[in-house]
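Undergrad:
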Amino acid sequence: MAIAQTAAPRHRYSSKARGQRIGRIASYIVLTIGAVIMLVPFIWMIATSLKPAGEVFQYPPTLIGSSIDWQNYVTVLKGSPFLSQLWNTAFIAVATLIGTLITSSMAGFAFSWLFKFPGKDTLFVIVLVSIMIPYHVLLVPTFALLRNMGLLDSPWAIILPTVVSPFGIFLMRQFYIGVPKELAEAATLDGCSPWGIYWRIFLPLSKPALTTLAIFTFVGTWNDFLRPLIFLSSNENQTLTLGIYTAQGLFSTNWPVLMATVGLSLLPVVVMFLCLQDLFVKGVALTGLK
């Protein structure tokens, strides 16, 4: 009887372990299928960019053409305004990124538990409500304001309206409220000012949250199409998204060159994410976005 009693828990444990193993394998299978589905368009884009123009729409379709044509990338780099568009996009994205990190970290610090001032909760509710407003609704008043300020058709027409991010303020505030109060109290006893607490304690601890916000901001600005389409008019100030749009001809399109342009425009975003993915995952976990 004692043997039967000890065998039953072992059987239950082995069944539980077997169920966990099956669930883990099923999760891996689902994730692998999802990853393949996500990667197929990118693989096809790269393959198309390396094909001769006459083999793009051949039937039956082939992943690899009869020859690898690197001339498509040479055409993008030398025969189109890609480099100037890349510079415009990088300047706008980096300036917006820096401004957003500064304003969001400081406003999130002000909305944390360290400060108490009249109307604090009301102001934070207004910030949360503004997240729910589609930016398309604000395009017309923003256009009128930028026109009156003389900023249309300049990079600042894209940068200034986006340097204050309600989502960024919310993200940083969620991170800062998780910082132990004892750190700020000990710094206050040592004579540290609120600015010193922010600069010496909160900001160094917020690298994961800042990285998460940086990736969201950089990718959103880099891929933005509607704002540059409305606020920018000259060819000298075009961004990559506008360049890709204008590269499509009215009657015919050189698809290998277009796919090469898209691939080169995605490269900085991919490199940035691969370099910062560990901090990105940690930031999502620590700020409550999970």
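Residue numbers (the numbering used here): 1290 to 1579. A virtual CB, placed ideally from N, CA and C, is assigned to each residue, including glycine.
#1: Which of the three DSSP states, helix, strand or coil, is assigned to residue 1487?
#2: Does the structure place the stretch 1372-1389 close enough to the stretch 1445-1456 that three or more beta carbon pairs sit under 8 Å?
#3: Leaving out five residues before and five after residue 1440 in sequence, what residues of the same chain have Cβ atoms less than 6 Å from its Cβ?
#4: Tell me which same chain residues have a C-beta within less than 8 Å of the C-beta of residue 1374, skipping the five on either side of it?
#5: For the alpha helix (DSSP H) containing residue 1455, list its first residue and its last residue.
#6: Quick one: Cα of residue 1322 to Cα of residue 1406, how far?
#7: What is the DSSP secondary structure of residue 1479, reduced to helix, strand or coil?
#8: Considering only C-alpha positions, which residue in the set 1400, 1508 and 1394 is nearest to residue 1494?
#9: Starting from residue 1360, follow the alpha helix (DSSP H) in both directions and report where the run begins and ends.
#10: In the DSSP assignment, the alpha helix (DSSP H) including residue 1437 goes from what residue to what residue?
#11: Assuming residue 1558 and residue 1511 form a contact by the criterion Cβ under 8 Å, report the distance between their Cβ atoms to the nearest whole angstrom.
#12: Might you give, ordered along the chain, the residues of its own chain that have their beta carbon closer than 6 Å to the beta carbon of residue 1400, omitting 5 neighbours on each side?
#13: Short check: CB of residue 1465 to CB of residue 1404, under 8 Å?
#14: What is the residue span of the alpha helix (DSSP H) that residue 1395 lies within?
#15: Quick test of your reading: residue 1549 and residue 1338, contact by CB under 8 Å. State the CB separation rounded to the nearest angstrom.
#16: Pull up the distance between the alpha-carbon of residue 1435 and that of residue 1309, whole angstroms please.
#17: Do residue 1497 and residue 1358 have their C-beta atoms within less than 8 Å of each other?
#18: CB-CB under 6 Å to residue 1340, same chain, minus the five flanking residues each way: which ones, in chain order?
#19: Could you check the C-alpha separation between residue 1351 and residue 1312 for me, to the nearest Å?
#20: When the Cα atoms are used, what is the spatial distance from residue 1579 to residue 1515?
TA: Reading off the structure:
#1: As a first step, residue 1487 is located in the sequence shown; it is residue number 198 there, counting from the start. Judged by DSSP in its simplified three-state form, residue 1487 adopts helix.
#2: A contact exists between the stretch 1445-1456 and the stretch 1372-1389.
#3: Residue mapping note: residue 1440 aligns to position 151 of the sequence shown, counting from 1. Cβ within range, chain order: 1446.
#4: Here residue 1374 corresponds to residue number 85 of the sequence shown, with the count starting at 1. Around residue 1374: 1527, 1528, 1529, 1531 and 1532.
#5: The residue labelled residue 1455 in the question sits at position 166 within the sequence shown. Per DSSP, residue 1455 belongs to the alpha helix (DSSP H) from 1455-1465.
#6: Within the sequence shown, numbered from 1, the residue matching residue 1322 stands at position 33. Within the sequence shown, numbered from 1, the residue matching residue 1406 stands at position 117. Distance between residue 1322 and residue 1406, taken at the CA atoms: about 51 Å.
#7: For this step, residue 1479 is matched to residue 190 along the sequence shown. Reduced to three states, the DSSP call for residue 1479 is coil.
#8: Start at 1 with the first residue of the sequence shown, and residue 1494 comes out as number 205. Distance from the Cα of residue 1494 is smallest, within the candidate group 1400, 1508 and 1394, for 1394.
#9: For the purposes of this step, residue 1360 is identified with residue 71 of the sequence shown, where counting begins at 1. Per DSSP, residue 1360 is one residue of the alpha helix (DSSP H) stretching across 1360-1367.
#10: Sequence index remark: in the sequence shown, residue 1437 carries index 148 (1-based). Looking at the DSSP string, the run of the alpha helix (DSSP H) that includes residue 1437 is 1428-1438.
#11: Translated into positions along the sequence shown, residue 1558 becomes position 269. Translated into positions along the sequence shown, residue 1511 becomes position 222. 6 Å between Cβ atoms; contact.
#12: Locating residue 1400 in the sequence shown gives position 111, counting from the first residue. Correct list, in chain order: 1413 and 1462.
#13: As a working mapping, residue 1465 is identified with position 176 in the sequence shown. As a working mapping, residue 1404 is identified with position 115 in the sequence shown. Contact flag unset, no.
#14: For this step, residue 1395 is matched to residue 106 along the sequence shown. Counting along the chain, the alpha helix (DSSP H) containing residue 1395 begins and ends at 1371-1399.
#15: Residue 1549 sits at position 260 when you count from the first residue of the sequence shown. Residue 1338 sits at position 49 when you count from the first residue of the sequence shown. Rounded, the Cβ-Cβ distance is 4 Å, consistent with contact.
#16: Working through the sequence shown from its first residue, we reach residue 1435 at position 146. Working through the sequence shown from its first residue, we reach residue 1309 at position 20. Looking at the two C-alpha atoms, the distance is approximately 58 Å.
#17: The sequence position of residue 1497 within the sequence shown is 208, counting from 1. The sequence position of residue 1358 within the sequence shown is 69, counting from 1. The Cβ atoms of residue 1497 and residue 1358 lie no closer than 8 Å to each other.
#18: Within the sequence shown, numbered from 1, the residue matching residue 1340 stands at position 51. If the five residues before and after residue 1340 are omitted, its C-beta is found closer than 6 Å to the C-beta atoms of 1354 and 1545, all from its own chain and listed in chain order.
#19: By 1-based counting over the sequence shown, the position of residue 1351 is 62. By 1-based counting over the sequence shown, the position of residue 1312 is 23. It is roughly 36 Å from the alpha-carbon of residue 1351 to the alpha-carbon of residue 1312.
#20: Residue 1579 sits at position 290 when you count from the first residue of the sequence shown. Residue 1515 sits at position 226 when you count from the first residue of the sequence shown. Its pLDDT being 47, under 50, residue 1579 is placed unreliably in this model, and the value from its coordinates should be taken loosely. Approximately 29 Å between the Cα atoms of the pair.
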